[in-house]
Amino acid sequence: MDRNDSPAGHPSPAGPHTYRMPLARLALAPDGGHGPLDGAWWPRCDALELELPALAGALAAGLGAVVHVTVDTAAWPDVPHRVPVPGHLILVSLSAVDTEAHTITLDTGAGEQRELLVVPPGEPADAARWLLTTAADPWNALSAPHMLALADATWER
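Residue numbers for the sequence shown follow the UniProt record's numbering, so the first one is 1 and each next one is one higher.
1) Candidates L89, A96, L106, G62: which alpha carbon is nearest W76's?
2) From A136, D152, L50, pick the residue whose C-alpha is nearest to that of D78; which is it?
3) Tell me which residues share the same chain as P121 and place their Cβ nearer than 8 Å to its Cβ, disregarding the 5 neighbours each side in the sequence.
4) According to DSSP, simplified to helix, strand and coil, what is residue 158?
5) Residues in the same chain with beta-carbon distance under 7 Å from L148, minus the five sequence neighbours each way, listed in chain order, please.
6) Quick one: grab the DSSP three-state call for G39.
7) Which word fits G39, buried or exposed, when buried means at least 16 other C-beta atoms lie within 10 angstroms of its C-beta?
8) Which two residues bound the contiguous alpha helix (DSSP H) that contains T133?
9) Going by the DSSP bridge assignment, what does R95 pair with across the sheet?
10) Assuming contact is defined by CB atoms lying nearer than 7 Å, are I90 and V119 in contact in what I supplied?
11) I think A54 touches A24, with their Cβ atoms under 8 Å apart; what is that distance to the nearest whole Å?
12) Whose C-beta lies closer than 6 Å to the C-beta of H81 among residues of the same chain, with five residues either side of it excluded?
13) Please work out which residues of its chain come closer than 6 Å, Cβ to Cβ, to G57, disregarding the five sequence neighbours upstream and downstream, and give them in chain order.
14) Whole-angstrom Cβ separation of L37 and N140, contact assumed at under 8 Å?
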């Protein structure tokens, strides 16, 4: 065995230096929401190229393959235009529109689209749990910036 625990001379299928993020911290409204959001995602860091494969993997069974995302430039300042995930590339677009601040729009190959609140990675756990739960409420009518402002007013960072 080599240092990758694969038979000597046979490289690991994932490669010797591949890192996989843990499962995505995600809450989705059942059957999509009726408000501006379809749920929330709480990434562990602001490196989209590390976080997006776990999110896409978590959504694949219910929505199909994520093929395109739109993120806001404030939350994701240095993003690649393509992120590799198993089997394909996800195209990434940037938006500076205020109504899309702190959100990620996910488009699938099947024509489905979901808008998720992006909970800041450094958000306190209590605030993040509230944001995940509230954004996944199918009757939530609050926008992402409004929800984050309420969380900031309630929980200190």
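All C-beta atoms in this analysis are idealised placements derived from N, C-alpha and C, irrespective of residue type, glycine included.
Let me lay it out:
1) Closest option to W76, Cα to Cα, is A96.
2) L50
3) W42, P43, R44, C45, D46
4) Residue 158 cannot be examined here, being either before or after the span of the chain that is shown, 1 to 157.
5) H102
6) strand
7) buried
8) 125-135
9) Reading off the sequence, residue 95 comes out as Ser, not Arg. D72, per the DSSP bridge assignment.
10) no
11) At roughly 4 Å, the Cβ-Cβ gap stays under 8 Å, so A54 and A24 are in contact.
12) V92
13) none
14) 6 Å
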